[in-house]
Every structure is written in C-alpha cells, then in structure tokens.
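Enquirer: One point on numbering: in the working numbering, the residue at position 534 of the sequence shown is 564, and numbering is uninterrupted. Ideal placement from N, C-alpha and C gives every residue a C-beta, glycine not left out.
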Amino acid sequence: MIKTIKQNYKLYLFVLILLILFFLPYIILNNGIILQPGDPFELNYKLWLGGYNQVHLGEIGQFNWSLGFGANTLSYVFYFLTNPFFFLSLLFPRDFIPYSFLVFGILQLWLGFIFTHVWLKKITTHNLGAIIGAFIICFSAYGIFYFQAEQFLKCLFLYPLALYFTECFLANKKHNGLVITIAVMGITQFYLLYQFIPFICLYALLRYLIIYQNKTKAKEIILTALKFVGWLVLGIGISAIILVPCAYLILSIPRFTTSSIGLFDHLDRFQLYEVISSMFTPIFQKLDANAFIAANQHEFFGWSGSTPLYSLIITPCLLPLIFFIKNKFQRNCYLAFYSLLGFFLFFQIFSYIFQASIDTRWYYMFLFFNAYLAAIDIDKYEDQEYSKKQILISFSIPIILIIAFTFISSIGQLNTVRMLMKLGLSSLVMIVLILAYGFIFYKKLNKKFLFILISLEIIFTGVVFYYFNEPISAIRFDSKEIKNDVPSYFHNLDDGFYRVMYDSNTVIEWRDGEEHIQSLTTANEPMANAFPGFAFYESVYNTNQEEFMARFKTVNNMKQLIGRTKVYNLLSAKYWYTFNYEDAIPYGYNKIHESPKGYTVYENENFVELGFAYNKTINKDFLLTLPFLEQDRIMQEYLAVENSTNTTYTLNDNIELLTVLPTDTIRVYDFEEPVKDVNIYLEVFGLPNTKITTYYQDEVVNKYDLWQFNYIDFPVYEYIDKIVIESEDIYGYGTEVPLYIEPFDESYSENFKNLTSESFKNVIFTNDIIQGDITISGNEKYVFTSIPYDKGWSVYVNGEKINYEKVQLGFIGFKLQPGTYHVEFKYQIPFLNVGVGITTISILILIVINLIVKKRH
C-alpha cells in the first residue's frame, strides 16, 4: 500500500485540487461554509459545538445532561466522541467548527480516492482502471449527497480500505489489516459496519470465485469463508467496547426494532424509474435529488427521495461492456452479482435488513461494485479485449436512456416545467460528455484528454450542486448569538443540579432578493452550549421517557416549547437566558445578569433542586387517557405511578375556562375587560401551525408563530383586549379551541412551595454521581427526582442499594419511610463492562494468533 501511495502522489495531489475546485463556489461565495439547514446544522454542527465545549470544560461523562432531559452519552457517540475528525477540530478555535465540515469533508473524499485507488490497483493490471474507479467513488453522488451528514462519509475511505485488506487475505492469507479496519469501523461508526458486513461477505465470495475459478473445491471455499468470517467477527469483537452498549441502546428504540414492511413489499414503477434514472445526471436539489422525477409526484422511499446513483457519466458508459467480457465464467459471476443487488433493490425488506430502516444508504453496494466493474472494463479495454463496435454500443446506451428519461419526464409530467428546462440543459451536457468520452475511447486517444474531460465534468457537477443547494449564509455564524460565552458563564455560575431554559432567537438573511428568517436557538441548543436543558434533535435518545416526551416531541425532535413553565419547574428549571431584551419573560423569573456580549440571564424564584416528596399519587395509565393540559395540571399535585389505584383528583390551581372557540381558520376572542399579568392557555390539539396575535385597543401587543401540538400557554404582562388565533386544520379534525386564563398571583408560588416542601438539600452534582439529603415526615411517601429513568442508574439510600421505578411518565422515583436520608445516584453505561471485556479478550486473541503464526514462520 505504501509503495502505491508513494508512486502516485502526483495523481493524489491533482485530485485534491479537483476537490477544491468542486467546492470552490462554497469557498468563494460563502466563506467556506457548506452547512445546510436541517440535520447538518441541528445534528452535526450543534453536537460538535457541544462536544468541543464539554472536552474543554472537562465535562464528558457516561451520562450527558445536555441531550433532552439527559441521556446515555453513547446516544451520539459516532457524531463526535469516537470521530477522529472531531478531535482534529479540537486543535483549532471553536469558531473553526462551521468551516471544518468542508475541510474535513474534502479530506475524507480525498482519502476515499486514495484508498479506492490502492484497492483497485490490487485487482487490475493497468493503472488507468484503478484511477477511473477511484474517481467514481470520490466524486459520486453518494458522497456529495451525504457530504453534510459527516458521520456517513467515513464509508468512502473505510470501505475501500477493508476491500483492499480482503484482497490481501484472499491472495496472501494476511488478516491483521482486515481485522483492524473492521474494528475501527465499529468504533468510529458502528452503523456503517452493520451496513457493510453483508457486502464484504458477498464481495469476498465473488473475488474468491474470480481469482480461483474452478481450481478449488467446495470444501476449500467453505473453509476460506469460515476463516474470513472469523476475522470479521474478531474485528467486531475488538470494537465491542462501543458496539455492545450501543446495541443495547439501539434495540430499546422502536424506530429500529419495528417495521411495517411486508416480506414481499417491493418498489413500484415510479420508484424503480427514480432509482435507475438517478444514474444519469448530477444532484439537483438535495431534498429532491433526482431531476427526472419530482418528489411530489409519488411516494418516495428513503431519506430525501433515496440516494442517487450518479457517479460521473462515465460509469453507465462503461457498465454495458461487462456483457462483452470474453471470459464467460467471469462475465456470469458479475452479472449474477449485479442481479443479486437488483433483487435486493426490488424488495424493500432488504433495505430494512441492511440498515434497520427503510432508507437507501445501502446503495453504496452499487457504488463500489460499479467502481469495481468500471476498473475491470478499463483494464480489459487496455488489453484490447473490446472491439470498436462494442465500445460504440456501450457508449450509445446511456445516450438513448437519457433521451428516453427526459422524454418520459416531460410527457409524463413528472416534474415542473422550470425543472424540466434545467434537466434538459443538464441532460444535453451529459450527452455531450458521453460523446466526448466515447470519442476518446473509440479513437484510443492519449489519457490526458480523459483526465481533462473528467475534470470538466467534476467542475460542472460542483456548480450544479451549489446552484441548487445554497448553504446557510456565513453571516449567520458571525452573529453574537453564535459567538457567546454562555457555556462558560453557567459553568462558572453554578455547579449544582439545574436545567436552563432559553429564548428562541432569529436572524434575518437575504437570499435571492428575499427576506428569510432563520432560527438560531434550536432544539440542540443545550448540547451546543454544554448546559443541561430540555431539548434535543437526535435519532437516538432515552426512550424510557417516551410517554413524558410525547407532550414535547415530534419524531426525533424535542423542542423547548413556549410556555409550559409549570412543567419545567417540576424538572429543576433554574435559569433562562435570551438575546432579545423585550421578549416576555417566563413567570417567576428575575434578572440576575446582563452580559456585554448581548445576552441576559434570569433566575427562577420557584426553583427546586433535584426533586421532592409527593403526598398524593395517581394511576399512570389513567393519567395517559387525559389531554396533555389536564395531565400537566395534575402532575403539579399528584405523582403518576404504575401501581397507584387512584383515578380521582381535585385541582387547586386558578385556571379558568373562558370560552371554546369554534372551528375556523381564524378564531377571534374579545375579552369583556382588558387583562394583564395573566397566563393564557389554548388547547390546539391537532393544529400544528398556529399564529397568535394579541391586541389592545386595536394595536398589536405581541405575536407568536408556533409549531406546537396539544396546547400553548404564554404570559401576558401588558393589557390586551383581543386575541386572534390563525391556524389551518390540515388534518380535517374540525378542531375547537378551548381558551383558559390564569392570573399571576401568589397562589401558584404558595402551592408549589407546599408541594415541594420536602425536597433535596445539600446536593452535590457531577455528570455520573449525584448526592443529596432529604427528610420525610408523616407517612411513607414517594420521592420524585427529575433524573431521567434509565437502567444505568443505581440508587443508594444511606449507603444501601435500593430498587427504583419509573414515575411521572419517565423519571426516577422510590418510596421512603419518615426519616432523614442521604441519597446517592450513580450512573454506568449499561453493558459497558461487557463490551470492555469482549474487546480485551478479542485483542488478546489477535495477539496470540499473530505470535503463533510468527513462530510457525
């Protein structure tokens, strides 16, 4: 491998330049920032910020309090904690992180080219085939499509590395490289490992058959296969320190353990058309990746309308040549392998098997096999195995298909007129490129013409991608909200057990002459700023709290909602910060700090640390039958537990039902008398998008534009006499909207102090260990804590370990008799010790085997 890299360093430098040219529009026009709204921003960027802060503050533990109400640290392990590129970012200032995704993304694509070239050089006679195959991987739509999902890019260089070491095993019985690469894959991105195992096993079988053809017997094939699988298992075993505890975590999440896909469910004709046609043009819109068919024309499958198969137009030009391979055995093997991939593609159950979800990330199988076949075809072309007629046929097929697909998209109205015009232009460019490629191969021109043409196509596809996928403006990352000292402020202010609430702030960007409002403080704001909060945007989370999270969460996104102050008070909300001084401050919060960096901090006068004892309980299953507003009111006075027999309740709050607004797009309510210093509640149930405007004497007092299910509550500190609610009933429920009012007076604070009178004192808090004292009087009571229920916690009362249970729909609770107690909570990642043990044993096995092999030699 080292020899090949040294011999081709000039080629690799040339490819690095091409990668820079591909992303040059982002470098020049957006200061090197490529982040898009959605997952790239909410997940990768925010989690990297949080990881950066946690490392520098020394706050990484086994339990992370910044993810929702708190969760197992391994919930986001491969986003940064085992990501080598994240650790590279630690060498730079925090402000470098938004720029790092472009830099490290280019680096990963470049490594993909190098390792693919090294792999293919192992199986080809001529260097040209390996080079073309490496170009196909490096500049594939797969890599560009997932460029901003940084955690998936590793497959582009780890997969070819594993395939290279597979060749080493098949040719020379060398195993160390294969084992170590599989182990690295499992540690840095176990999801990619899970996806890759089926492919590498199939690939190894194919290559064994190609290398030895009819020279081996079935017994030898089986023995070689068992040895190969054994080395894979050993590599997996070395990564068990991450794999085992993560497997436990993932298997507890319904998203990965349930599927509605039937055994014989398959793609329809539109979906097949979408997949096949995606091979012939670059990526247009990222959320509608195939320009031949719009996402709104049929039900797509997979994330963002499936992963496109485009990987330079030379790929579909070379693939038909496999039909002309003279070695019949090889030709049949390749066709059988491709047919098998097509079978997997057609039946959706294989998508679930390969990646535990109905997505299309497993299409890397087509990408790597296409690169392999292209390298083989070029090799045979160099050996003059193909006639000019065969080359002409092979390069004509893509032209015919592009024309046909463009015609079908047009007459079938599978896209908008505007998109069809752009598609037509792109298709024309692709046809011109095919003709040029065909001419080079047909005339056997100098290879430098081929490299020039590939370079032009790469630059063209880069421009197309930028044009249709404009990133978040670089201006946004220079704002004071992004560059603030909130993490260090809270870190230095308070080392107790508390959670922080925050205001939702926005900036205005101008794009294409239009005003765009962008949210800055989003669901992963607690993670980004390394403070304990209430929100997360993730795909893996603490599902033990699912019943409680339901009042906040949509899919894998749990926002901090407007209002809900009383609910947050139960959960140790202590601080609230904002950059907007004029915003309505939650009830009971008083200003304590105004930073010269632009933010203000408020402290909650109703803060209760860690938890307290409840006098009354209510049956959990009964509670879940009630609307969320009623549930939240009840939980202010009753503790929901599994074994409670109580299904009756009396509430002491001052909430009053004023009216029920009828079903309408615009609902208006005029107060009999102007009101102020009140809390307004609206039960919006299934109305997701609600605009609320309050007025006083026909002047606007406040506006809220919310995406918030179930109910909305907000404080009113100035006089209002009218409220207007605009919400379209998109689900057709015919929803009426009850409107409640609650005065701000001392009654809530008094009731809350009475409820929490027996609370924890002398609390000492670290990530994984919490200690506190509590005194119980009167009768036996349930102690409620705002620690998320998780089986990794252990609870000790006066040094003795006790059992605990899930209370209040997702938190740790337990019973105590009257008395004074010292309570200690300790967290350890479930099955982490098992993983450590397996990893240790696997490493020892590898060492022993190597010593034995060395001794024999």
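For T675, list the residues DSSP reports as bridge partners.
Expert: Answer by DSSP bridge pairing: none, since T675 is not bridged.
Enquirer: In the region 358-405, which residue ranges form an unbroken alpha helix (DSSP H) of at least 4 residues, counting only runs that do not cross its ends?
Expert: Within the region 358-405, the complete alpha helix (DSSP H) runs of at least 4 residues are 358-376, 379-385.
Enquirer: Closest to G808 by CA distance: which of G849, K783, F795, I771 is it?
Expert: Measuring from the Cα of G808, the nearest candidate turns out to be G849.
Enquirer: If you follow the alpha helix (DSSP H) that G867 is part of, which residue opens it and which one closes it?
Expert: Unbroken alpha helix (DSSP H) run through G867: 862-886.
Enquirer: Applying the criterion that 16 or more other CB atoms from any shown protein chain within 10 Å of the CB defines a buried residue, is E729 buried or exposed?
Expert: By the 10 Å Cβ count, E729 comes out exposed.
Enquirer: Report the three-state DSSP secondary structure of N620 (helix, strand or coil).
Expert: Strand at N620.
Enquirer: Just the C-alpha distance for H521 and T552, rounded to the nearest angstrom, thanks.
Expert: Taking the straight line from one Cα to the other gives about 20 Å.
Enquirer: Cβ of Y402 less than 8 Å from any chain D Cβ?
Expert: Among the protein chains of the structure shown there is no chain D, as only one such chain exists.
Enquirer: For the alpha helix (DSSP H) containing F744, name the first residue and the last one.
Expert: Per DSSP, F744 belongs to no alpha helix (DSSP H); it is in the beta strand (DSSP E), 740-746.
Enquirer: Please work out which residues of its chain come closer than 6 Å, Cβ to Cβ, to I162, disregarding the five sequence neighbours upstream and downstream, and give them in chain order.
Expert: Excluding residues within five positions, the ones whose Cβ falls inside 6 Å are A404, I408.
Enquirer: Alpha carbon to alpha carbon, how far is Y194 from I167? Give it in angstroms, no decimals.
Expert: Each residue's Cα considered, the two are about 14 Å apart.
Enquirer: I need the DSSP call for H205, collapsed to helix, strand or coil.
Expert: Three-state DSSP puts H205 in coil, outside helix and strand.
Enquirer: With DSSP as the reference, label V638 as helix, strand or coil.
Expert: DSSP places V638 in coil when its eight states are reduced to three.
Enquirer: Quick check on V793: does DSSP put it in helix, strand or coil?
Expert: Looking at V793 - three-state DSSP - the assignment turns out to be strand.
Enquirer: Is it true that the CB of T608 sits closer than 8 Å to the CB of Y532?
Expert: Contact: yes.
Enquirer: Beta carbon of F658, beta carbon of N740: below 8 Å?
Expert: Going by C-beta atoms, F658 is nearer than 8 Å to N740.
Enquirer: Comparing alpha-carbon positions, which option in A164, F71, Q92, F131 lies nearest L41?
Expert: Looking at the Cα atoms, A164 is the closest of the given residues.
Enquirer: Within the same chain, show all residues whose beta-carbon is closer than 7 Å to that of Q49, passing over the 5 residues directly before and after it, in chain order.
Expert: Checking the sequence shown, residue 49 turns out to be Leu, not Gln. Closer than 7 Å at the Cβ level, and outside the excluded window around L49, lie I136, L139, W140.
Enquirer: Are the CB atoms of W836 and D798 nearer to each other than 8 Å?
Expert: With the sequence shown as reference, residue 836 is identified as Lys, and Trp is not the correct amino acid for it. Their beta carbons are not under 8 Å apart, which means K836 does not touch D798 by this criterion.
Enquirer: May I ask you to list the residues that DSSP assigns as paired with E756?
Expert: Its beta-bridge partners are I696, K721.
Enquirer: Helix, strand or coil for E412? Go by DSSP, reduced to three states.
Expert: Helix at E412.
Enquirer: Mapping DSSP to helix, strand and coil, what is N587?
Expert: N587: strand per DSSP, three-state reduction.
Enquirer: How do the region 168-177 and the region 207-216 stand: do at least 3 beta-carbon pairs fall below 8 Å, yes or no?
Expert: No, they do not touch.
Enquirer: Would you check if the distance between the CB atom of T765 and the CB atom of G716 is smaller than 8 Å?
Expert: Closer than 8 Å, so yes.
Enquirer: With 16 other CB atoms within 10 Å as the buried threshold, where does E197 fall?
Expert: Buried: at least 16 other Cβ atoms inside 10 Å.
Enquirer: Looking at the unbroken beta strand (DSSP E) that takes in V731, where does it start and where does it end?
Expert: Residues 729-737.
Enquirer: Please return the same chain residues whose Cβ sits closer than 6 Å to the Cβ of Q801, not counting the five positions on each side in sequence.
Expert: I794, E854.
Enquirer: Taking L431 and F322 to be in contact with their CB atoms under 8 Å, please state how far apart those CB atoms are, rounded to whole angstroms.
Expert: At roughly 10 Å, the Cβ-Cβ gap does not stay under 8 Å, so L431 and F322 are not in contact.
Enquirer: Candidates F131, I423, W95, S336: which alpha carbon is nearest Q181's?
Expert: Checked all of F131, I423, W95, S336; the closest Cα to Q181 is F131.
Enquirer: Is it true that the CB of A603 sits closer than 8 Å to the CB of F561?
Expert: No, the pair does not count as a contact, with Cβ atoms beyond the cut-off.
Enquirer: How would you label V698, buried or exposed, when you count the other beta carbons within 10 angstroms and need 16 or more for buried?
Expert: Its Cβ having fewer than 16 others within 10 Å, V698 is exposed.
Enquirer: Does DSSP put F715 in a helix, a strand or coil?
Expert: Strand at F715.
Enquirer: Identify, in the order they occur along the chain, each residue of the same chain with its Cβ nearer than 7 Å to the Cβ of N828, setting aside the five sequence neighbours on each side.
Expert: Taken in chain order, the residues that qualify are Y851, H852.
Enquirer: Exposed or buried, N83, counting other C-beta atoms within 10 Å across all chains shown (16 or more means buried)?
Expert: Buried is the call here.
Enquirer: Only counting the same chain, and skipping five residues up and downstream in sequence, which positions put a Cβ closer than 8 Å to that of D525?
Expert: Closer than 8 Å at Cβ, skipping near neighbours: F795.
Enquirer: How long is the line joining the alpha carbons of N60 and R124, rounded to whole angstroms?
Expert: One C-alpha to the other measures close to 19 Å.
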